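Structure, as structure tokens:
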Amino acid sequence: MTVESLNERKLYRPAVGAGLTVLCGLVLSWGAIGEKFTEASYDKLSRFGGRPTTNEVVVVQMDDASAAEQGMTRATWDRGVHAELLNKLADDGCRLVVFDVHFAAARDEGTDNRLAAALRRNRVVLMADLVYLSNKQVGAATVELPLPKFLEAATNWGVAKANVTVQHQHEEPVRRHWQDPTPDGSQPSLPWTAAHMADPTLKRVPEEQWMRYYAGRDGLELLPYAQALKKPPGFFTHRVVFIGNEPPEPFAREIDAFVTPESLRVGWTVGGVEIHAITFLNLINGDWLRLGPKWVQGLTLMVLGTLLGAGLNRFRGVVAVGLAVGLALVLTSAGACLSYYTNFFFPWLIVVVGQVPCALVWALMPAKVQPQVQHQPAPSLAAVAVVPVPPNKTIRLELPAEEIPDAPEYEIISPAVGKGGFGKVWIARNAIGQWQALKAVYQSNFGANRAPYEAEFKGLQRYKPISEKHPGLLRIDLVSKMKPEGYFYYVMELGDAQAPGWEQQPTLYKPKDLENLRKQAYGRRLPVKECLRVVTVLAEALDFLHQQGLTHRDIKPANVIFVQGRPKLADIGLVSEIRPIDEVKTIVGTIGYMPPPPEKPGTPQADIYALGMLLYVISTGSDPGLFPDLSTTLMARSGQADFIRLNSIILKACQPEVAQRYQATSEMLSDLQAVAKELGLN
Numbered sequence: 000m001t002v003e004s005l006n007e008r009k010l011y012r013p014a015v016g017a018g019l020t021v022l023c024g025l026v027l028s029w030g031a032i033g034e035k036f037t038e039a040s041y042d043k044l045s046r047f048g049g050r051p052t053t054n055e056v057v058v059v060q061m062d063d064a065s066a067a068e069q070g071m072t073r074a075t076w077d078r079g080v081h082a083e084l085l086n087k088l089a090d091d092g093c094r095l096v097v098f099d100v101h102f103a104a105a106r107d108e109g110t111d112n113r114l115a116a117a118l119r120r121n122r123v124v125l126m127a128d129l130v131y132l133s134n135k136q137v138g139a140a141t142v143e144l145p146l147p148k149f150l151e152a153a154t155n156w157g158v159a160k161a162n163v164t165v166q167h168q169h170e171e172p173v174r175r176h177w178q179d180p181t182p183d184g185s186q187p188s189l190p191w192t193a194a195h196m197a198d199p200t201l202k203r204v205p206e207e208q209w210m211r212y213y214a215g216r217d218g219l220e221l222l223p224y225a226q227a228l229k230k231p232p233g234f235f236t237h238r239v240v241f242i243g244n245e246p247p248e249p250f251a252r253e254i255d256a257f258v259t260p261e262s263l264r265v266g267w268t269v270g271g272v273e274i275h276a277i278t279f280l281n282l283i284n285g286d287w288l289r290l291g292p293k294w295v296q297g298l299t300l301m302v303l304g305t306l307l308g309a310g311l312n313r314f315r316g317v318v319a320v321g322l323a324v325g326l327a328l329v330l331t332s333a334g335a336c337l338s339y340y341t342n343f344f345f346p347w348l349i350v351v352v353g354q355v356p357c358a359l360v361w362a363l364m365p366a367k368v369q370p371q372v373q374h375q376p377a378p379s380l381a382a383v384a385v386v387p388v389p390p391n392k393t394i395r396l397e398l399p400a401e402e403i404p405d406a407p408e409y410e411i412i413s414p415a416v417g418k419g420g421f422g423k424v425w426i427a428r429n430a431i432g433q434w435q436a437l438k439a440v441y442q443s444n445f446g447a448n449r450a451p452y453e454a455e456f457k458g459l460q461r462y463k464p465i466s467e468k469h470p471g472l473l474r475i476d477l478v479s480k481m482k483p484e485g486y487f488y489y490v491m492e493l494g495d496a497q498a499p500g501w502e503q504q505p506t507l508y509k510p511k512d513l514e515n516l517r518k519q520a521y522g523r524r525l526p527v528k529e530c531l532r533v534v535t536v537l538a539e540a541l542d543f544l545h546q547q548g549l550t551h552r553d554i555k556p557a558n559v560i561f562v563q564g565r566p567k568l569a570d571i572g573l574v575s576e577i578r579p580i581d582e583v584k585t586i587v588g589t590i591g592y593m594p595p596p597p598e599k600p601g602t603p604q605a606d607i608y609a610l611g612m613l614l615y616v617i618s619t620g621s622d623p624g625l626f627p628d629l630s631t632t633l634m635a636r637s638g639q640a641d642f643i644r645l646n647s648i649i650l651k652a653c654q655p656e657v658a659q660r661y662q663a664t665s666e667m668l669s670d671l672q673a674v675a676k677e678l679g680l681n
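First residue of the sequence shown? That's 0 in numbering that gives the first Met the number 0, and the numbers climb one at a time after it.
Structure follows, in structure tokens:
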């Protein structure tokens with residue numbers, strides 16, 4: 000049965016669409032990929048807010064300002080001040096006190112005795128610590144209890160440990176909490192002990208528990224220590240009070256500073272005591288979130304994939320796109336409502352960014368497969384050459400796309416090392432042994448319309464004379480004539496190789512471009528100073544190009560190659576003359592690097608936007624679609640202040656409104672050079 004006959008069956012396309020969409024969902028839910036999508040789905044729920052809680056919990060924060068007011072530092076906090084606060088809480092009839100402070104060593108005996116006496120007046124849970132034996136895993140640790148003097152005076156103890164490794168506590172949000180990793184209950188967590196004391200009927204739930212963060216810290220009252228001491232009598236009556244450190248600044252990177260899904264977007268950190276207080280509320284209210292069993296998730300993805308893949312196939316064009324966008328919004332809302340009104344959440348991003356686009360792509364594919372001409376062997380050039388040619392008539396032969404161009408001055412190494420929408424690129428060696436790149440552009444790749452093919456050739460004609468006049472532009476050494484066979488080629492300087500020693504085996508050559516350079520970097524991002532160096536050179540080249548009356552029209556990391564370590568604007572096939580905005584007719588460029596509509600691409604202003612987006616991508620490790628979001632890991636870097644300077648340039652270059660963007664590349668270049676000078680790069 001042929002493909003065409005299958006297409007004629009009404010069930011073929013819906014069935015294939017459903018199968019592909021289901022397969023996409025199952026693949027994205029598997030293994031490490033599935034874990035990433037699950038975590039991202041959980042993190043993004045914070046954008047929709049959280050449900051409130053009415054419990055009265057006060058978090059008393061040991062902050063620098065309060066320490067200074069008492070004439071001490073947080074490192075040398077006077078236990079006498081703790082005793083003063085505990086006595087105040089006892090006088091008020093506080094319900095429970097939870098100390099996220101480890102009283103491990105003895106200090107002044109008199110002060111320690113005052114603290115022990117104050118502890119006896121309250122119901123208190125003290126913090127115990129974990130001493131890691133190896134690999135910093137919870138199971139490979141022993142419990143270090145408080146001093147016996149304090150332990151005897153307090154009611155109970157618990158281990159203060161947020162469920163995130165020390166190495167990643169500033170990058171990965173606290174997503175899960177635990178009660179006790181040991182089966183014998185020998186290491187109860189601090190929030191669990193406090194929750195069990197507040198509600199003795201609370202039962203251990205041996206299942207994975209995901210944190211529920213409440214709306215705007217609702218249910219928590221955060222008090223600096225100095226203010227807590229000054230509260231009027233009766234303020235703490237029947238309240239649960241947590242006491243612990245506050246990070247010294249919003250972006251602190253130190254022990255006992257963590258991020259939540261809400262703070263992840265801007266890199267703020269919160270103290271571990273706040274995490275414990277939220278965990279406490281989760282436990283006593285039964286508010287924690289759960290993932291359904293794997294088989295339920297898989298079945299849900301199969302059902303949704305079938306409906307999406309088969310259903311979207313009934314629509315075409317703009318209708319299909321609009322319906323897909325609407326479905327994505329509905330499914331996003333459904334995921335948010337599920338977690339808000341129930342104790343379950345689902346990895347909804349697998350559906351929204353995986354299955355919906357997959358179903359849409361299939362729906363937009365042509366309904367009919369083209370006739371099976373692939374079974375008819377294409378005639379070779381030699382066979383065509385013997386056909387009798389009528390007198391005074393010229394026959395144009397289109398060169399098949401897989402053929403190597405006729406360039407007798409060069410030794411061309413096959414196979415091609417690159418392929419674009421309009422042609423192929425080979426490594427070539429000229430008559431004196433220099434390695435260069437040779438690209439052939441084929442008229443057949445433009446279909447029946449010859450105009451874009453000729454425009455590509457004219458663009459090279461305009462670009463070649465100026466390519467040698469700036470070191471940031473890729474130099475073109477030769478442009479051939481337009482061949483009667485329907486192609487032309489041009490020769491350019493060869494970019495650096497990703498790995499040395501390729502000359503002995505040229506087929507192993509792979510160009511070193513900015514895209515693969517960032518993919519190899521940690522976090523898919525380059526250091527701030529390297530970003531400045533690269534983009535400053537590119538801005539200089541782009542400013543020069545604009546001064547010559549030309550626009551690049553396709554700036555992105557993949558189109559920046561390195562030649563002897565210097566970044567250069569490459570892939571110059573779309574270079575065009577600068578025209579008035581009302582004369583720009585063609586839509587060219589790469590999605591994500593083009594300014595948002597209704598602005599037209601292909602202008603100097605669009606080039607500036609693309610260069611700004613390139614800077615965002617290489618400096619943050621994020622894709623263009625995430626702009627202007629910043630990941631927490633950015634703020635954890637030692638060069639945080641440097642990045643903030645860089646980010647202001649990115650935001651101005653990528654302004655959606657043209658009037659608020661840089662009006663000329665020279666303005667952006669000036670700001671880049673100013674930041675480089677501040678960082679000592681000049």
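Just so it is clear, CB atoms sit at the ideal spot from N, CA and C, and this is done for glycine as well.
Being a predicted model, the structure only gives us computed values, none of them experimental.
- Shortest Cα-Cα distance from residue 620 to any of 188, 40, 32, 521 involves 521.
- With respect to the C-alpha of residue 22, the residue from 458, 236, 538, 349 having the closest C-alpha is 349.
- For the 8 Å CB-CB criterion, residue 436 and residue 491 form a contact.
- DSSP links residue 267 through a beta bridge to no other residue.
- In this structure, residue 664 lies away from residue 570, with their beta-carbon atoms at least 8 Å apart.
- The DSSP-derived three-state label of residue 323 is helix.
- For residue 174, same chain residues with a beta-carbon under 7 Å away, outside a window of 5 residues either side, are 38, 41, 209, 210 in chain order.
- Within the segment 555-621, the complete alpha helix (DSSP H) runs of at least 4 residues fall at 603-619.
- Here residue 676 is not near residue 661, since their CB atoms are 8 Å or more apart.
- Under the three-state reduction of DSSP output, residue 428 falls in the strand class.
- An exposed status is given to residue 343, since fewer than 16 other beta-carbon atoms sit within 10 Å of its beta-carbon.
- Shown here, residue 17 sits in a helix according to DSSP, grouped into three states.
- In this structure, residue 574 sits near residue 458, with a CB-CB distance shorter than 8 Å.
- Leaving aside the five residues that flank residue 273 on each side, the residues in its chain whose CB is nearer than 6 Å to its CB run, in chain order, 58.
- Between the C-alpha atoms of residue 314 and residue 537 there is a straight-line separation of about 43 Å.
- Annotation: residue 508 is outside any alpha helix (DSSP H) and is labelled neither H nor E by DSSP.
- Listed in chain order, the alpha helix (DSSP H) runs fully inside the segment 462-519 are 513-519, counting runs of at least 4 residues.
- When C-beta atoms of the segment 70-87 are compared with those of the segment 253-264, fewer than three pairs fall below 8 Å, so the two segments do not count as touching.
- For residue 486 and residue 16, the gap between their C-alpha atoms comes out near 38 Å.
- By DSSP's assignment, residue 411 forms a beta bridge with 427.
- Listed in chain order, the beta strand (DSSP E) elements of length 3 or more contained wholly in the segment 208-250 are 219-223, 239-244.
- Just so you know, the alpha carbons of residue 657 and residue 535 end up roughly 21 Å apart.
- Taking the Cα of residue 335 as reference, the smallest distance to any Cα among 679, 43, 668 is reached at 43.
- Setting aside the 5 residues that flank it on each side, residue 115 is surrounded in the same chain by 148, 149, 152, each with a C-beta closer than 7 Å to its C-beta; the list follows chain order.
- With fewer than three CB-CB distances shorter than 8 Å, the segment 466-478 does not count as touching the segment 505-514.
- The segment 589-600 and the segment 512-519 do not touch, with fewer than 3 CB-CB distances between them shorter than 8 Å.
- The criterion of a C-beta distance shorter than 8 Å is satisfied by residue 176 and residue 281.
- Here the alpha carbon of residue 429 sits roughly 6 Å from the alpha carbon of residue 408.
- Counting along the chain, residue 355 sits inside the alpha helix (DSSP H) bounded by residues 355-363.
- Boundaries of the beta strand (DSSP E) harbouring residue 155: 155-158, taken from the DSSP string.
- Taken atom to atom, the span from the alpha-carbon of residue 502 to that of residue 414 is near 15 Å.
- When secondary structure is reduced to three states using DSSP, residue 28 falls in the coil class, being assigned neither helix nor strand.
- Residue 661 carries a coil assignment under DSSP once its states are collapsed to helix, strand and coil.
- DSSP places residue 287 outside both helix and strand once states are collapsed to three, so it counts as coil.
- Secondary-structure assignment with DSSP links residue 124 through a beta bridge to 97, 155.
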